[in-house]
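Beneath this line is the structure, given in structure tokens, with notes to follow.
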Amino acid sequence: MLIDTHAHVNFNDYREDAEAVIKRALKNGVWLINVGSQYSTSQRAIEFAEQYPEGVYAAVGLHPFHLKERVIYEEVDPLEEFEIKTRPEIFNFKKYEKLAGHKKVVAIGEVGLDYFHLPEENREAERQKQKDNFLKHLELAKELNKPVIIHCREAHNDVLEILKNFCRHPEPRAKDLIDKEGRADEILPPHQVRGQNDRGSGLRGVVHSFSGRWSQAEEYFKLGFYIGFNGLITFARDYDKVIKNAPLERLLIETDCPYLTPIPHRGKRNEPSYVKYVAEKIAEIKGMSVEEVVVTTTKNARELFRI
Numbered sequence: 004m005l006i007d008t009h010a011h012v013n014f015n016d017y018r019e020d021a022e023a024v025i026k027r028a029l030k031n032g033v034w035l036i037n038v039g040s041q042y043s044t045s046q047r048a049i050e051f052a053e054q055y056p057e058g059v060y061a062a063v064g065l066h067p068f069h070l071k072e073r074v075i076y077e078e079v080d081p082l083e084e085f086e087i088k089t090r091p092e093i094f095n096f097k098k099y100e101k102l103a104g105h106k107k108v109v110a111i112g113e114v115g116l117d118y119f120h121l122p123e124e125n126r127e128a129e130r131q132k133q134k135d136n137f138l139k140h141l142e143l144a145k146e147l148n149k150p151v152i153i154h155c156r157e158a159h160n161d162v163l164e165i166l167k168n169f170c171r172h173p174e175p176r177a178k179d180l181i182d183k184e185g186r187a188d189e190i191l192p193p194h195q196v197r198g199q200n201d202r203g204s205g206l207r208g209v210v211h212s213f214s215g216r217w218s219q220a221e222e223y224f225k226l227g228f229y230i231g232f233n234g235l236i237t238f239a240r241d242y243d244k245v246i247k248n249a250p251l252e253r254l255l256i257e258t259d260c261p262y263l264t265p266i267p268h269r270g271k272r273n274e275p276s277y278v279k280y281v282a283e284k285i286a287e288i289k290g291m292s293v294e295e296v297v298v299t300t301t302k303n304a305r306e307l308f309r310i
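Converting from the sequence shown to this note's numbering requires adding 3 to each position, the first position being numbered 1.
This is how it looks when you write it as structure tokens:
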């Protein structure tokens, strides 16, 4: 059995055949976690998970992309380019808290920082908006004792600083700071909560689609976090050093479907069944058997997400 720890079958790319894609994954021995990027896709992830007694789970959260209305264009390589049109949303702690309480929700996210796609105007204000959103999700994850799924692009130093501060001095309970409209906009930054009781020792999670340096990976491991890899590693060599050096016990595998389709299916829409190619590439890079990678990464996922 394998576990695709980061899928988006809840996205519109699968609106015609989501059920078939999920059933194909389960038939091939692949469990999956559909990850929300805003309220609507988080709801849909839960709806899919409810249809299966086991093997299909959900994560709920507000991706940094969706804090502002814009069109994001990505060109991964000549075989893959796509466009994302975002709908702006303000994180509503109470609404997401209710969603996250569902028995099939196993994580909070995806959430984090993305500086690669920062708009040219008001860059510093946008960075702060992403940080505030991230902190609110960390508080929700801590409150519900669920792991957080982190999206990070060109922002690892800030993500690490936020995590370290939060684990030492967790935020005041966000729901205690919510205004009448259900927002938690006044959460204090970490440097202002020094004297609070230390509630941060239990925070856990994964940095999905890891793209940082080995030194940064080591810092995440010290915090008890996992890092996740997907089809990118099958056609880009930038990740070999981290994969080779990282303890297998700290790795998770994912597809991030419908994006980042692995070799040998480049140019096609990605899906959870293809996660096996990620396991095979990790085995090749680390010089070990595919079976060992499958067994260990599955064990890692089951322990982190408690499934």
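Heads up, the beta-carbon is just placed ideally off N, CA and C, and yes, glycines get one too.
Bear in mind the structure is a predicted one, so any value in this text is a computation, not a measurement.
Applying the criterion that 16 or more other CB atoms from any shown protein chain within 10 Å of the CB defines a buried residue, is residue i buried or exposed?
i: residue 215; result: buried
i: residue 306; result: exposed
i: residue 297; result: buried
i: residue 125; result: exposed
i: residue 134; result: buried
i: residue 103; result: buried
i: residue 241; result: exposed
i: residue 217; result: exposed
i: residue 231; result: buried
i: residue 270; result: exposed
i: residue 160; result: exposed
i: residue 208; result: buried
i: residue 255; result: buried
i: residue 53; result: exposed
i: residue 10; result: buried
i: residue 113; result: buried
i: residue 37; result: buried
For residue i, name the three-state secondary structure that DSSP assigns.
i: residue 65; result: coil
i: residue 57; result: coil
i: residue 273; result: coil
i: residue 15; result: helix
i: residue 5; result: strand
i: residue 303; result: helix
i: residue 262; result: coil
i: residue 284; result: helix
Which one of the options has the shortest CA to CA distance from residue i?
i: residue 226; options: 143, 170, 235; result: 170
i: residue 90; options: 7, 112, 40; result: 40
i: residue 107; options: 291, 265, 16, 46; result: 46
i: residue 286; options: 251, 139, 309; result: 251
i: residue 128; options: 154, 164, 67; result: 67
i: residue 118; options: 147, 111, 70, 97; result: 70
i: residue 16; options: 158, 259, 136; result: 259
i: residue 1; options: 11, 248, 277, 264; result: As displayed, the chain neither begins before 4 nor continues past 310, which places residue 1 out of reach and without an answer.
i: residue 219; options: 278, 9, 164; result: 164
i: residue 111; options: 141, 94, 97, 229; result: 141
i: residue 7; options: 257, 282, 266, 262; result: 257
i: residue 137; options: 94, 222, 9, 253; result: 94
i: residue 42; options: 59, 100, 281, 5; result: 100
i: residue 139; options: 283, 120, 97; result: 97
i: residue 18; options: 294, 293, 272; result: 272
i: residue 303; options: 253, 281, 264; result: 253
i: residue 145; options: 275, 166, 221; result: 166
For residue i, would you say it is in contact with chain D, using Cβ-to-Cβ distances shorter than 8 Å as the test?
i: residue 127; result: Absent from the structure is chain D; it holds one protein chain and no more.
For residue i, which residues does DSSP report across the bridge?
i: residue 37; result: 10, 61
i: residue 22; result: Paired residue(s): none; residue 22 is not in a bridge.
Residue i: beta carbon under 7 Å from a heavy atom of the ligand NAP?
i: residue 290; result: Although the ligand NAP was asked about, the structure shown includes no ligands whatsoever.
Start-end ranges of the beta strand (DSSP E) lying completely within the stretch 108–174, minimum 3 residues:
Runs found: 108–117, 151–156.
Alpha helix (DSSP H) runs wholly inside the stretch 202–259, at least 4 long, in chain order:
Listed in chain order, they are 217–225, 243–248.
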